[in-house]
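Remarks on the structure that follows.
Residue numbers (our numbering): -3 to 472.
Okay, here's the thing in structure tokens:
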């Protein structure tokens, strides 16, 4: 009989933190009520804290896990008991996170991912790193062949590249807007101090009687500096010391400054690869690369798990794809265009969006301005349709199915044909009128859709992929 293992005692603290976040609103109301001298809120606050502490203690006392010969067993609960048996062969990867407080206790949080759904199969809130190593060795011993590649680094992103990653993604815009919204909602804009300085700068820039171009330029420059600084800070905190390495027959990513995240995905379970490049990426000769595997925790955690390279020189992309997914090669694909009449449909769809905007402008501003706005929007729609057709492509070979979309922000997705589970053909009334169809291809970890295909081409692709998928023995 194998011995049960327990979580680290610090799991009580981390569990309490999770409940505090979920019960943030009642706690804030209780604190506000206590500040107004209402004793009832003090009792509410004490009751909520008591519930959090009691629940954390019970969860820690009843949680057990066991590393069996061929499976991981997780038990929890007293009244409502739960027992999960997770075969090692079904475990795709461990999502490991370790923030500052975790490091103080020498523990990590582990999410066990399988291909069974969008939620993790199990969450070990706080275990020692030695226990994580033992778990990895058990899983690896079930599937690691003797000829598996040795541990070696593939990518190490230097700090200079992270600065570029922050500048090209410009997440500082969202951070700045969110900060302004928070200041407004909390009423901090009426507090003297930094907010007074900001208001003073705005007043100085715009002036009272006249608009000084120099002042406006200085204000815009200051805003851009703030956004750039926030963007770079976000990239450094998020992706500090980003490394990609081979660990046996798996690819492992490790990154993060405050919260250290480690993900391990078996190479054979990678479903697709996505290469993204925006206008700033192209001007610097850089790309960003994501991978998708079956399962995952969805949402933000899924995005963290799938990031293979936050920024990468475009010249290094072929070698990275060869190392991680040697059967997917961009340079070997024969890219095909969409249906010739697809550009007209893209243009008309954009015009239909432009019409209500022009009509609204006639109400807000002088009516004659609406004609100029409509003309400008129609011109933009024509440019968009032409660029969309020039940069949208699809391709298929014996190993991969790929689509390339977007002209300003471009995304290229390659799907392993051996991982295709569902392929479907869809026709809208507009598709039928123009003899077109949309092809949808789904795997356990991702899905892609190719619109505006000639119907004959789409039907032939549907039949070819469906027959091949039916004949392929699917392996996670």
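A virtual CB, placed ideally from N, CA and C, is assigned to each residue, including glycine.
- DSSP places residue 331 in no beta strand (DSSP E); its state is neither H nor E.
- Taking C-alpha positions only, residue 83 is separated from residue 108 by approximately 11 Å.
- Within its own chain, the residues whose Cβ lies closer than 7 Å to the Cβ of residue 468, once the five positions on either side in sequence are excluded, are 414, listed in chain order.
- In the three-state DSSP reduction, residue 77 falls in the coil class, being neither helix nor strand.
- Contact fails between the segment 35 to 49 and the segment 59 to 74, because fewer than three Cβ pairs, one in each stretch, are under 8 Å apart.
- By the neighbour-count criterion, in which 16 or more other beta carbons inside 10 Å mark a residue as buried, residue 309 falls on the exposed side.
- In the structure shown, residue 428 falls within a helical segment according to DSSP collapsed to helix, strand and coil.
- Of the residues assessed, residue 86 falls on the buried side of the cut-off, its CB having 16 or more other CB atoms within 10 angstroms.
- Sorting 389, 431, 456, 99 by C-alpha distance to the C-alpha of residue 419 places 456 at the top.
- When DSSP states are grouped into helix, strand and coil, residue 248 belongs to the strand group.
- Assignment of residue 6 by DSSP, reduced to helix, strand and coil, places it in the coil class.
- In this structure, residue 10 places its C-beta atom within 8 Å of the C-beta atom of residue 121.
- Within the model, the alpha-carbon separation for residue 128 versus residue 221 is close to 43 Å.
- Residue 102 holds the alpha-carbon nearest to the alpha-carbon of residue 5 among 63, 36, 102.
- Excluding the 5 residues flanking it on each side, residue 347 has same chain C-beta neighbours closer than 7 Å at 374, 377, in chain order.
- Counting the other CB atoms within 10 Å of its CB gives residue 66 a total below 16, which places it among the exposed residues.
- Considering only 428, 62, 275, the residue with the shortest C-alpha distance to residue 403 is 275.
- Relative to residue 391, the option among 369, 449, 214 whose CA is nearest is 449.
- It is roughly 15 Å from the alpha-carbon of residue 329 to the alpha-carbon of residue 271.
- In the three-state reduction of the DSSP assignment, residue 46 falls in the helix class, which pools H, G and I.
- Comparing alpha carbon positions, the residue from 343, 256, 16, 52 closest to residue 41 is 16.
- Residue 436 has 420, 445 as its beta-bridge partners, per DSSP.
- C-alpha of residue 81 to C-alpha of residue 175: approximately 44 Å in a straight line.
- Residue range 338 to 360 is occupied by the alpha helix (DSSP H) that includes residue 351.
- Cβ contact annotation for residue 462 (same chain, cutoff 8 Å, sequence separation greater than five): 419, in chain order.
- If you ignore the 5 residues before and after residue 110, its C-beta comes within less than 7 Å of the C-beta of 82, 86, 87, 88, 117, 291, all in its own chain and listed in chain order.
- Here residue 460 is exposed: its Cβ has fewer than 16 other Cβ atoms, across all protein chains shown, within 10 Å.
- It is roughly 12 Å from the alpha-carbon of residue 401 to the alpha-carbon of residue 381.
- A straight line joining the alpha-carbon of residue 465 with that of residue 396 spans about 12 Å.
- Look at the beta carbons and you see the segment 302 to 317 touching the segment 281 to 288: at least three pairs across the two are nearer than 8 Å.
- In the DSSP assignment, residue 317 is bridged to no other residue.
- By the 16-neighbour rule on beta-carbons within 10 angstroms, residue 428 is exposed.
- Residue 389 has its alpha-carbon roughly 16 Å from the corresponding atom of residue 451.
- Secondary-structure assignment with DSSP links residue 61 through a beta bridge to 1, 70.
- In the structure shown, the three-state DSSP call for residue 238 is coil.
- For residue 396, the enclosing beta strand (DSSP E) stretches over residues 396 to 401.
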